[in-house]
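Asks: Heads up, the sequence shown is in this note's numbering, so the first residue is -11 and it goes up one at a time. Each residue gets a CB set at the ideal place from its N, CA and C atoms; glycine is no exception. Take this structure, written in structure tokens, and hold onto it; I'll ask about it next.
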Amino acid sequence: MLEKIHQPGLFDALVKQLSASELNTVLLDVFNQRVAGLDAAALLQKYMLNRFVKPAAVDVIRLKEEELQILRLLQKEGFEPLELSPVTQLGACAVVAAVNQKKVISALRNTEVLSDPTNAMALLYTEGKKSGGLPAQTYRYCAITRTVRAQALDNPAFAPHFAVCALATMTCAGAGYIVETTALCEHVMAQEAILRQVFGLNSIRVHLLPQKGHGANHALVGTAMELLQRSRPAIAVTVRERDETKNYYTGIQFKLIADLQGEPFEIGDGGLVDWTQQLLSDKSQRMFISGLGTQVLHQLGANNRLSFPHNP
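In structure tokens:
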């Protein structure tokens, strides 16, 4: 493309020779001038072709009622609800996680559109630790946000933006694996409570997936299995092999499987990440994250695949 405008060195100049603020100034002016060249008809035409800008196909009132129920439940479970910004720091995902920046909508003013709430939670926590404003204790955050993913998917059932419930636990390491497994158990129980109390799902299973360097016989996996079975004996827990092509989590991952009309449906997952360790250069930091597809659950309910205890 740069050869098309006879400027082969422009890319390197923009990337390496301009500061972030200088690049932002240039791009602001570029977009300002491009928008100035549009008329109303062209604006509408672009809107019609843009998959990112259309409203979600949801019953808005019912969705918000479900979200409020979820947040109240999570608050009782010890998670602090957050109202996150729709944008976060540029690089929030790609710098610390195995995420390609091209799958995120990068924006101006050193920001990107929120694609994973837990990355924003990691930055919030580590900013507080760095500034000395957070005492040494365990912090549990939750949020329900509309997230945007830029990658193109062939399946029409996947929307470019969707509501997700995200949980994060941040603390320092303790003896053995008690910190890590306690966080895992709390996240599983919180998600299970949401599925049962808000969406009327009672047939739920948990898969534990040891991550790279942690086999099925690792103490972390065994401790997690024991704690889950003791806390929720009615939930079936099995150990599965991880997908070798994915390196998002460290140590251990869980997947929450719900049976919908006899069919298994993966609706939630979570695991350990090392983001707070990276951000604070502190190996003692521990972070456990998880997510639950609340919009998917809402839409399944709208299609009569779920029974809602609060809406008989």
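From the DSSP output, read off the bridge partner residues of ASP47.
Replies: The partner list for ASP47 (beta bridge, DSSP) is empty, contrary to what the question assumes.
Asks: Please say whether ARG128 and GLU68 have beta carbons closer to each other than 9 Å?
Replies: Against a cut-off of 9 Å, the Cβ pair of ARG128 and GLU68 comes out as a contact.
Asks: Assuming LEU208 contacts ILE240 under a Cβ cut-off of 8 Å, what Cβ separation, rounded to an integer in Å, is found between them?
Replies: Indeed, because the Cβ distance is near 6 Å, the residues count as touching under 8 Å.
Asks: Using three-state DSSP, classify THR13 as helix, strand or coil.
Replies: In the structure shown, THR13 sits in a helix (DSSP, three-state: H, G or I).
Asks: Should PRO252 be labelled buried (16 or more other beta-carbon atoms within 10 Å of its own) or exposed?
Replies: Under this definition PRO252 is an exposed residue.
Asks: Rounded to whole angstroms, how far is the Cβ of ILE277 from the Cβ of ALA108, which I believe are closer than 8 Å?
Replies: Contact flag wrong, Cβ pair sits at about 11 Å.
Asks: Taking GLU229 as the reference, which of ALA204, ASP247 and GLN249 has the closest Cα?
Replies: The option with the nearest alpha carbon to GLU229 is ALA204.
Asks: Per DSSP, SER94 is paired with what?
Replies: Bridge partners of SER94: GLU100.
Asks: Let me know if ASP104 comes out buried or exposed under the rule of 16 or more other beta-carbons within 10 Å of its beta-carbon.
Replies: Its Cβ being crowded by 16 or more others within 10 Å, ASP104 is buried.
Asks: Specify whether the segment 31 to 51 and the segment 274 to 289 touch according to this definition: at least 3 beta carbon pairs, one from each stretch, less than 8 Å apart.
Replies: Yes, the segment 31 to 51 touches the segment 274 to 289.
Asks: Nearest to ARG137 by alpha carbon, out of ASN88, VAL92 and ARG274?
Replies: Measuring from the Cα of ARG137, the nearest candidate turns out to be VAL92.
Asks: Using 8 Å as the cut-off, can you tell me whether the segment 51 to 62 makes contact with the segment 241 to 249, which would need three or more C-beta pairs spanning the two stretches below that distance?
Replies: Touching, no, given that fewer than three Cβ pairs across the two stretches are closer than 8 Å.
Asks: State yes or no: is the C-beta of MET158 within less than 9 Å of the C-beta of MET275?
Replies: Yes, they are a contact pair.
Asks: Have a look at the DSSP bridge pairing and note the partners of VAL167.
Replies: DSSP, once it has assigned bridges, lists no residue as partnering VAL167.
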